[in-house]
């Protein structure tokens, strides 16, 4: 039998969920809804006595202080329910069959803890009662835009109880082969397209050749495995392939060239040439590893999860962060994740609804979903989110960018892995379901307005608590040396994880031994499912019982599914039937090399027409309210940045803890004051002018943030993360090549090696045959080690009377600036990196912080010098007076507009006490710096122009309010 | 002198266990991290410890309601050993999710039949929030002995609004001096959001039982063990953070009474 229990807040208790929905409805500009009431519903199936149901309600499902419950044994159809005097609408949402609902397992456990064993299954639903007059169309809009996502959920039909997931039909084995041998080119392409393999003709032909040689057709599973392994997502075809590059009118000139392996020619080349002895493991493992102290190393990886987040923002971002955390757990023999970093790009949240293409979600919904998806996972895993950035541009409307990064700490002697012949293949963690089929190949194609239906299976649902359980147990098994290698199940699922781990030795897997969420999965679904929270480990036979016990003790699945054989083949069985038998060498090295064409032609942009003016106060206020620049407090506060107890420089700082920090500083060990600095550099606007200088500026930004908090260049490692359009289009690829060379030149000059990276292509949205690319975007993430966290410096003004220096030279570089963006233009004078001079500045400032001479330091980035000055002042609650005549500038940059708004690199605002003036200036000798003004106890914020006349005149409270208002949701 | 033994109890989703253990270690205690399964199975005994610490996190994902499933495990599987533990005069501290567990299991405010008289429900802001808060100590609780000034600790939770079943429960808590911390502003004034980050009744941030030996609080003392972690640390003299004294008080109480 089934019974349904509805739990509702008692009268007088604040219904936060209902109020939140009501607010969101208002944001949709639907005014008819007066109030929303939220009800949590549970449907139980099983043989239950009435007393047991009451006990479940009272002891488990209801908080008796705050909630009431109602039991519906046979509940009436909505239409038969009593209608109140005023209009009300009921929308009830539940998960689709096959989609995992993490709450179900918890409820089942809770019921068992009560001593009740007769409940077979639980289904949860969220019910919203919306009071007020709404048209059917409005109700549909509310439901679809706010209450559910049809990829994973549906509206419960009023009169029926839902079918139970366990009633899914069982699977009967049936081996499927694909006729490749008899297929001509057209047919090959059709097979690729229909199977969502995203393989091109060359690749399909290569596969056909392989099977012709072994005189048989492939099984569906073999074809899928090759497609997953060869996907852009897993193989990085673009970066590893050949590129025929041509350019025109670019500076610096790279010249036309044939590039063999862009990755090795640029990113990896820096690392190879710099040969830093503190680089422990680079570009090999799931994340890059550097030295931390005598006993520990630290690792860092940043991933993207763009396409899934476009379709299902919460789930996409949730599993994005979940995945990169597993990268850390899958590094070496398993690192403990200690902090997260998140960077997002969205379309502006106030974008008009009619500018949102069909099939895409409104950016505000995307942003809210992504933010809560990341928060949910990081917070529940207990990993502090200490660093991040959010940027906005209309071209992200159908394709947001979601970068998630994780740093882990790992003992030195656990930093490497080695699978041995005869080791058992063990899968631990979550069970396997039908979620996330085709994620790897799906992210290797462009999004279209049909993606939400065609690729709906590509969305995974995360369960952070499952992953936390896996982490808790994995670290115990690691410390007892029970396994020899580990990797995570990410894109491609078991197919990638086992394929990678067994690439040298070969592997045999019995697919029917994989623990399943429910019956009915075919052998192929088991093999390529991207169900989350799973790790694969290789375990010597003699350790297996001990290992299984560790997991069993904490209720974590651990199942032996096969063996690393030494046969150099990938052999898969289902109920003793051979379903896949591939040569590992073909799988990993058989992909045909093709040359892609790349062309870069520098675009000349319009300069804005801005009337000459004397007072720039209004521009400053507008800049502070620019979405890129304004306070992200609404986001930051939803992330736990203090868990694990090591946060030193936090994302928000200042007199009221609401100023914007530069880099983060974390103290990962309780018995040592050594710290980790994390920063990031991202600015796609510079890329509109030249991706070369965008890359250079991103690196500079990440590095100057490290300097700002008291770090140095002595031990900085960086990560590249390219999010680009379709690399098969020469213009897109041309920009990418320039960005990669910008990375090489700049990183080499600064002496900072890359240790890991990632690329995400096909970030384009195709509508009616017209394809729009996102702005080519590079994220540089930096990690550094700091000897003593007690020397860390924060960015907010500390004392009235203290001196304000501007360090670094300002150039005539308004191109790509946010100031120009206010006037809807890009310009052409993109900021450059003058690394020789910058290195001197960085070193001198580091010496000054080491000596304790600096009270506050903030780097100049988005919005230029004036925004940095304003942020320093209002975060500290102090007034400021500045004289632009004292700011060091290039000869042609001597005008107020440029000095205030140019986004030139390698510049800082520094606060120094008067008593330290001489010592500070002595240390900075030989660099560009100017004593530009001082702090006052008053609220005035005044800037005097080159002519000595006032050009910005306002007060810090007004500045702060402008900065805080836009995203105060 | 007795060596103070602390059990930091964790389960699926607990995530502040390591820093809580580190806090007790800094306070001079021996700490052991135990999974609840090892107490339920009998592999380990609560009786072997002086202090039970329920750390923060998201036990069982906050599914159904925060702390609920863990609380039921205590009520239905460990109730006898817990009753003995309390009767023996030992100490319990629940931080954040631990406080939610203590409240939902009825161990706080505490009654013979372990009735749930209070609750911690979703914040008035409707979302998880991380921020630093000022706390005014009061009441009679062994964990906050010697606290004479406002302390500064971080909170990070989505369900921290303290409510009581009715006015009687609230006045009983006040009368018995069971309210241990009030949210306040830097000057000690009781003020509204965001100083009171969740909308708690009467700005209540933490309570104890009638004996003063069981403490539950939403803020995280284990996240402020070092002054370097203070958001405005640049001119602080002491190396210790405001949270450390709570753990020292717990350890000292055991040393003086066992």
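Chains as they are written, first to last, in the working numbering: chain S, 1059 to 2027; chain U, 1403 to 1660. Yeah, the Cβ is synthetic: ideal placement off N, Cα and C, and Gly gets one too.
Please classify residue 1269(S): does DSSP put it in a helix, a strand, or coil?
Correct three-state label for residue 1269(S): helix.
Helix or strand or just coil, what does DSSP make of residue 1686(S)?
In the structure shown, residue 1686(S) sits in coil (DSSP, three-state: anything other than H, G, I, E or B).
Run the CB neighbour count on residue 1165(S), radius 10 Å, all protein chains shown included, and call it buried at 16 or more, exposed below.
Residue 1165(S) should be labelled buried.
How is the alpha helix (DSSP H) around residue 1941(S) delimited, first residue to last?
Here residue 1941(S) belongs to no alpha helix (DSSP H); instead the beta strand (DSSP E) covers 1937-1941.
If residue 1618(S) sits next to residue 1484(S), beta carbons under 8 Å apart, how far is it from one beta carbon to the other, in whole angstroms?
Sure, about 5 Å apart at Cβ, within 8 Å.
In the DSSP assignment, what residue or residues form a beta bridge with residue 1434(U)?
Partner(s): 1409(U).
Following the continuous alpha helix (DSSP H) through residue 1404(U), name the residue where it begins and the one where it ends.
Neither: residue 1404(U) is in no alpha helix (DSSP H) and is coded neither H nor E.
Please classify residue 1800(S) as buried or exposed, where buried requires at least 16 neighbouring CB atoms within 10 angstroms.
By the neighbour-count rule (16 or more Cβ atoms within 10 Å), residue 1800(S) is buried.
Less than 7 Å separating the Cβ of residue 1956(S) from some heavy atom of the ligand GDP?
Among the components modelled here there is no ligand, and therefore nothing to report on the ligand GDP.
Do you know offhand how far residue 1818(S)'s Cα is from residue 1429(U)'s?
Using only the alpha carbons, I get a separation of about 48 Å.
Following the continuous alpha helix (DSSP H) through residue 2021(S), name the residue where it begins and the one where it ends.
2014-2022 is the span of the alpha helix (DSSP H), which, as asked, contains residue 2021(S).
Is the shortest distance between the beta-carbon of residue 1533(U) and the beta-carbons of chain S less than 8 Å?
Chain S, which has a Cβ nearer than 8 Å to the Cβ of residue 1533(U), makes this yes.
May I have the straight-line CA-CA distance separating residue 1135(S) from residue 1147(S), to the nearest angstrom?
Here residue 1135(S) scores only 46 on pLDDT, less than 50, and its place in the model is too uncertain to base an answer on.
Drop a sphere of 10 angstroms on the beta-carbon of residue 1245(S), count the other beta-carbons inside from all chains shown, and report buried for 16 or more, exposed for fewer.
Residue 1245(S) is exposed by the Cβ-count criterion.
Among all the DSSP beta bridges, which residues are the ones paired with residue 1778(S)?
In the DSSP output, where bridge partners are listed per residue, residue 1778(S) has 1815(S), 1838(S).
Hey, which unbroken runs of the alpha helix (DSSP H) at 4 residues or more fall wholly within the stretch 1717-1785 of chain S?
If we require 4 residues or more, the alpha helix (DSSP H) runs fully inside the stretch 1717-1785 of chain S come out as 1742-1747, 1749-1766.
Quick one: is residue 1480(S) near chain U, going by C-beta distance under 8 Å?
No - not a single Cβ of chain U is within 8 Å of the one on residue 1480(S).
What span of residues does the alpha helix (DSSP H) with residue 1428(S) cover, start to end?
Run containing residue 1428(S): 1421-1439, per the alpha helix (DSSP H) assignment.
Tell me whether residue 1593(S) sits in a helix, a strand or coil according to DSSP, three-state version.
Strand, per DSSP.
Taking 8 Å as the threshold, find out whether the stretch 1536-1549 of chain U comes into contact with the stretch 1585-1595 of chain U through three or more Cβ pairs.
The stretch 1536-1549 of chain U is in contact with the stretch 1585-1595 of chain U.
Using the three-state DSSP reduction, which class does residue 1098(S) fall into: helix, strand or coil?
Residue 1098(S) falls in the strand class under three-state DSSP.
For the alpha helix (DSSP H) holding residue 1162(S), just list the boundary residues, first then last.
1160-1171 is the extent of the alpha helix (DSSP H) around residue 1162(S).
In three-state terms, what does DSSP make of residue 1637(S)?
Looking at residue 1637(S) - three-state DSSP - the assignment turns out to be strand.
Which same chain residues end up closer than 6 Å to residue 1601(S) when comparing Cβ atoms and leaving out the 5 residues on each side of it in sequence?
Closer than 6 Å at Cβ, skipping near neighbours: 1540.
Looking at C-beta atoms only, is the number of pairs between the stretch 1273-1286 of chain S and the stretch 1234-1250 of chain S that lie closer than 8 Å three or more?
Contact between the stretch 1273-1286 of chain S and the stretch 1234-1250 of chain S is present, because at least three Cβ pairs lie under 8 Å.
From residue 1409(U) to residue 1453(U), what distance separates their C-alpha atoms?
Looking at the two C-alpha atoms, the distance is approximately 6 Å.
I want to know whether the stretch 1723-1738 of chain S touches the stretch 1874-1886 of chain S - three or more CB-CB distances under 8 Å.
Judged by Cβ distances under 8 Å, the stretch 1723-1738 of chain S makes no contact with the stretch 1874-1886 of chain S, as fewer than three pairs qualify.
Of the choices 1354(S), 1870(S), 1326(S), whose alpha-carbon is the least far from that of residue 1342(S)?
Of the candidates 1354(S), 1870(S), 1326(S), the one whose C-alpha sits nearest the C-alpha of residue 1342(S) is 1326(S).
Can you tell me which of 1469(U), 1632(U), 1504(U) puts its alpha carbon nearest to the alpha carbon of residue 1484(U)?
Nearest C-alpha to residue 1484(U): 1504(U).
Can you have a look at residue 1426(S) and say buried or exposed, based on whether 16 or more other CB atoms are within 10 angstroms of its CB?
So residue 1426(S) counts as buried.
Identify which residue in 1389(S), 1916(S), 1066(S) has its Cα closest to the Cα of residue 1759(S).
Ranking 1389(S), 1916(S), 1066(S) by Cα distance to residue 1759(S) puts 1916(S) first.
Taking beta-carbon pairs under 9 Å, can you tell me which members of the stretch 1463-1478 of chain U lie near chain S?
So the list reads 1463, 1464, 1465, 1466, 1467, 1470, 1471, 1474, 1475, 1477, 1478, given in the order they occur along the chain.
Is there at least one Cβ from chain U nearer than 8 Å to residue 1223(S)'s Cβ?
In this predicted model, residue 1223(S) has a pLDDT of only 40, less than 50, meaning its place in the structure is not dependable; the value taken from the coordinates is given anyway. Residue 1223(S) does not count as touching chain U.
Can you confirm whether the stretch 1643-1658 of chain S touches the stretch 1593-1613 of chain S when touching is taken to mean that 3 or more C-beta pairs between the two stretches lie within less than 8 Å?
Too few Cβ pairs lie closer than 8 Å, so no.
Start and end of the beta strand (DSSP E) containing residue 1883(S)?
That residue, residue 1883(S), is in no beta strand (DSSP E); it is neither H nor E in DSSP.
Less than 8 Å between the beta carbons of residue 1446(S) and residue 1376(S), yes or no?
It is not a contact, given that the beta carbons lie outside the stated cut-off.
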